[in-house]
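Remarks on the structure that follows.
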Amino acid sequence: MGDFNTNFIAPLSSRSRKLQEIIRSTGLHVLPLQATHHNINGDDTWLDLMLTSTPTSVPTHGQYPAPGFSHHDLIFLSYTIKPPKPQPRVLSMRSFGRMNKENLCKDASKVDWDQLISSPSVDEKVHIFNEVVLGLYNTHAPIRKIKLKRPPAPWMTEGIRMAMRRRDRAFRKFRRNRCNDNWTKFKVSRNRCNQMIRNAKRRHILENINPASPADIWKFLGTLGIGRQRHSDFQATISLNDINFHFSSATPLNNQTKCRTLNYLNGLSRLNVDFFEFSSVAVDEIKNIILSIKSNAVGCDNISRRMIVTILDHLLPAIWHITNFSLSSGTFPSLWRKAYVLPLPKIPNPSLPNHFRPISILPFLSKVIEACVQKQLSQFIFRNNLLSPYQSGFRPGHSTVSALLKVVGDIRTGMQDTKVTVLAINQLNKDLDYICSWSTKFGLTVNPTKCQAIIVGSPRMIQRLTTMSLPPIFRG
583 MGDFNTNFIA PLSSRSRKLQ EIIRSTGLHV LPLQATHHNI NGDDTWLDLM LTSTPTSVPT
643 HGQYPAPGFS HHDLIFLSYT IKPPKPQPRV LSMRSFGRMN KENLCKDASK VDWDQLISSP
703 SVDEKVHIFN EVVLGLYNTH APIRKIKLKR PPAPWMTEGI RMAMRRRDRA FRKFRRNRCN
763 DNWTKFKVSR NRCNQMIRNA KRRHILENIN PASPADIWKF LGTLGIGRQR HSDFQATISL
823 NDINFHFSSA TPLNNQTKCR TLNYLNGLSR LNVDFFEFSS VAVDEIKNII LSIKSNAVGC
883 DNISRRMIVT ILDHLLPAIW HITNFSLSSG TFPSLWRKAY VLPLPKIPNP SLPNHFRPIS
943 ILPFLSKVIE ACVQKQLSQF IFRNNLLSPY QSGFRPGHST VSALLKVVGD IRTGMQDTKV
1003 TVLAINQLNK DLDYICSWST KFGLTVNPTK CQAIIVGSPR MIQRLTTMSL PPIFRG
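With the sequence shown counted from 1, adding 582 to any position gets you the numbering used here.
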């Protein structure tokens, strides 16, 4: 819903008909309204539209005039959302709720790490560490299977449980003696219980939405079954082995490109900087890194963040030793290099391997070494000014937004200085194909080549480029 700056009151203009065709082609419907923009001199227009794919889910909609602060009417709608009914799932979980933390910490404090410290390889150290941690939790919080029949109810309180018990007692009493008095008492108990549940749900939703960021709001709505579901079931027409082969296959590199790149790098003059060496990491720094990692995903070592943080003070000496031994020996633990790869579909009905994107779930403690390496390498690179000033990726304070702002700023500056402005775009195969087919359908012209030049300026400025060697262009 919003201002489309296109009048939808008959007779429709060519612009209105094109927008109407776009809306129809995407399977959307325009909810009917009166004129929403009121001119002082001239006819009123319908510029503010509300689009929906399911009009039957909109029980009410309308508009209110707002002459005090706008020429536009305020438009509103009420949308019916019915979350999908959850299916029962069987999960293997550790019984942390029944765990005696004091006994766990007591046993963890008695662990002797001498065998781990004296081991010659980092893989053996990690193996011993995992055996100790899993042994502790297998004793104090064993794995058990549970069946989830319904989603959790964080809004549930003891008062609501008491009201539900009173409601159930009143209903049982009515079934034993079906009289009007018992039926009236049951209805009063039922209505009071339902009202308490509705109010508790509203409070829970408002408490989680009001102070949250947009990303956290959508994440919270996902827990209510609203929006795109993360664990959606799909019928893939391709085997998991083919998907795995696609993910594990490296992109072929042209030998000519490889030689040209190596020759260019070898021809560069060596910078006058010191050689990089990893330094030892302090215990407090490792502890801060562990506590800063918020991911609860469990990797192939079956050790979660909660298992580490619960007895962190007792495990910290071993983690500190493994981390510094890995940095000093230049060896990353083999087990921590293994990951569970989840293929997530990019489109609703995937049929090819490239229709999936991989999500890797690494062991929790592997992120600790990665964070130590990233911090020391970043400090070395920034201290010696080894990054290009035009790099925006993997750089603090930079992002695709800052890169786009620079491009837009350069284009604006070039046009203000009456310079020819050329924008070269590369690696847009899929997106550009979609844009090309869409624009052709609606009467636009886009060059569907991988690399193109879009020239912004007057015809006189464009004419000056006829003698230059440029990729194919379209003019705008």
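The beta carbon of each residue, even a glycine, is placed where N, CA and C say it ideally should be.
The structure presented is a predicted model; accordingly, all values stated were derived computationally and were not measured.
Quiz item: Do you know how far the Cα of Asn854 is from the Cα of Leu847?
Solution: If I take the Cα positions, the gap works out to 16 angstroms.
Self-check item: Spatial distance of Arg977 from Ser831 (CA atoms)
Solution: Arg977 and Ser831: Cα-Cα distance of roughly 28 angstroms.
Quiz item: If you follow the alpha helix (DSSP H) that Gln697 is part of, which residue opens it and which one closes it?
Solution: Gln697: member of the alpha helix (DSSP H) spanning 696-700, first to last residue.
Practice problem: Please classify Met889: is it buried, with 16 or more other beta-carbons within 10 angstroms of its beta-carbon, or exposed? | Solution: Classification for Met889: buried.
Quiz prompt | For Asp585, the nearest candidate out of Trp628, Ser598, His937 (CA to CA) | solution = Just measuring C-alpha positions, the residue of Trp628, Ser598, His937 sitting nearest Asp585 is Trp628.
Practice problem: Go ahead and label Lys729 buried or exposed: buried means 16 or more other beta carbons lie within 10 angstroms of its beta carbon, across all protein chains shown. | Solution: Exposed, since its Cβ has fewer than 16 Cβ neighbours within 10 Å.
Quiz item: If His611 sits next to Leu633, beta carbons under 8 angstroms apart, how far is it from one beta carbon to the other, in whole angstroms?
Solution: Sure, about 7 angstroms apart at Cβ, within 8 angstroms.
Quiz item: Going by the CB atoms, is the gap between Pro925 and Leu940 shorter than 8 angstroms?
Solution: First, the residue type needs correcting, since residue 940 is Pro and not Leu in the sequence shown. A contact, by the Cβ cut-off of 8 angstroms.
Quiz item: Which same chain residues, not among the five before or five after Phe711, have their C-beta less than 7 angstroms away from its C-beta?
Solution: Correct list, in chain order: Leu698, Ala900, Ile904.
Practice problem: Going by DSSP, name the residue or residues bridged to Val923. | Solution: Bridge partners of Val923: Ser942.
Quiz prompt | Contact under 8 angstroms by Cβ, Lys876 with Leu894 | solution = Result no, Cβ atoms of Lys876 and Leu894 do not sit closer than 8 angstroms.
Self-check item: Cutoff 6 angstroms; reference Leu1026; Cβ partners in own chain excluding five residues on either side
Solution: No answer about Leu1026 holds up, because its pLDDT of 48 lies below 50 and its placement is not dependable.
Quiz item: Are the beta-carbon atoms belonging to Val704 and Ser911 less than 8 angstroms from one another?
Solution: Their beta carbons are under 8 angstroms apart, which means Val704 touches Ser911 by this criterion.
Quiz prompt | Rounded distance between the beta-carbons of Met675 and Ile725, thought under 8 angstroms | solution = Beta-carbon to beta-carbon, Ile725 and Met675 are separated by about 7 angstroms, close enough to satisfy the 8 angstroms threshold.
Quiz item: In three-state terms, what does DSSP make of Lys840?
Solution: Here Lys840 sits in helix by DSSP.
Quiz item: If we ignore side chains and look at the alpha-carbon of each, how far apart do Asp763 and Asn781 end up?
Solution: Going from the Cα of Asp763 to the Cα of Asn781 covers about 27 angstroms.
Exercise. Could you tell me if Lys1032 is buried or exposed, where buried requires 16 or more neighbouring beta carbons within 10 angstroms of its beta carbon?
Key: With a pLDDT of 37 at Lys1032, under the threshold of 50, the modelled position of that residue is not reliable, and no figure is offered here.
Quiz prompt | Segment limits, beta strand (DSSP E) that includes Arg726 | solution = Arg726 -> beta strand (DSSP E) spans 725-730.
Quiz prompt | Close Cβ partners of Tyr661 (< 7 angstroms) along its chain, the five nearest in sequence each way excluded | solution = Scanning its chain for C-beta atoms nearer than 7 angstroms, with the 5 sequence neighbours on each side dropped, one finds around Tyr661 the residues Ser639, Val640, in chain order.
Practice problem: Determine the extent of the alpha helix (DSSP H) in which Thr642 is found, giving its start and end residues. | Solution: Run containing Thr642: none in the alpha helix (DSSP H); it sits in the beta strand (DSSP E), 642-646.
Self-check item: Alpha carbon of Gln602 to alpha carbon of Ser595, nearest angstrom
Solution: Gln602 and Ser595: Cα-Cα distance of roughly 10 angstroms.
Quiz item: Alpha carbon to alpha carbon, what distance is there between Leu986 and Asp992?
Solution: About 10 angstroms.
Exercise. Can you say whether Asn621 is buried or exposed, counting buried as having 16 or more other CB atoms within 10 angstroms of its CB?
Key: Looking at its Cβ environment, which holds fewer than 16 other Cβ atoms inside 10 Å, Asn621 is exposed.
Practice problem: Specify, as a first and last residue, the run of the beta strand (DSSP E) that Ser674 falls within. | Solution: Start and end: 671-676.
Quiz item: Who are the Cβ neighbours of Ala953 in its own chain at under 7 angstroms, not counting the five residues just before and after it?
Solution: Excluding sequence positions up to five before and after Ala953, its CB lies within less than 7 angstroms of the CB of Ile871, all in the same chain and listed in chain order.
Quiz item: Once you ignore the five residues that flank Leu1010 on each side, which residues in its own chain have a CB closer than 6 angstroms to its CB?
Solution: Low confidence applies to Leu1010: its pLDDT is 47, below 50, so where it sits in the model is not reliable enough to give any reading.
Quiz prompt | Reference Ala745; option with closest CA among Gln961, Asn773, Trp765 | solution = Distance check between Ala745 and each of Gln961, Asn773, Trp765 places Asn773 closest, using alpha-carbon atoms only.
Self-check item: Straight-line Cα distance separating Ile963 from Phe857
Solution: Whole-angstrom Cα-Cα distance: 11 angstroms.
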